[in-house]
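So that you can map any letter, position 123 of the sequence shown is 743 in the numbering used here, and since no number is skipped, the others follow by simple counting. Beta carbons are placed, not taken as given, at the ideal position from N, Cα and C, and that holds for glycine. Predicted model, so just to flag it, every value in this text is computed and none were measured.
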Amino acid sequence: VMRRALGLSYFLSTAGYLLFSGTDVFLVALLLVMLAHMGGSVNWVYSTALLQIEVPDALRGRIFSIEYALLMFVTALSSYFTGLASDAGLSLQWLAVALSLTFLLPGCVLTLVLWRSRGASNDTR
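Encoded structure:
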């Protein structure tokens, strides 16, 4: 269940931000961002839980420190390039569309890999 939900969580984030880009109603925008972040939350929690299941105890701290360092690096890169695109004149709506579409490729890849991987029918995998 977790493996399947992990792949699908990317599509939830994509849908939330993609729909967010087209709304002019503040309350709807808030709800759509909440939907997108629900996908991100599922992604974070389930990927962490699956890592805890798969990684040997002796390596767990190292793996999680690398994961967190990569998260910070990618967040910084994303913020930097989003700022550059905004400064170049790209509208906020198009930025939201572009950023929402960045979830599609990893979502497709993860969904295929995780659904086909061994133990995909188990509750924890």
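Going by CA-CA distance only, name the one from the options that's closest to residue i.
i: S641; options: L730, L721, W735 and I686; result: L721
i: L639; options: Y630, L655, A669 and L691; result: L655
i: S706; options: T695, V694 and L719; result: L719
Taking Cβ to Cβ, would you say residue i is nearer than 8 Å to residue j?
i: W735; j: R624; result: yes
i: L632; j: T731; result: no
Quick check on residue i: does DSSP put it in helix, strand or coil?
i: L710; result: coil
i: T634; result: helix
i: F723; result: coil
i: G642; result: coil
i: V675; result: coil
So residue i and residue j are in contact, right, with Cβ under 8 Å, and what is the actual spacing, rounded?
i: L724; j: T668; result: Not a contact, Cβ separation roughly 22 Å.
i: Y630; j: G727; result: 3 Å
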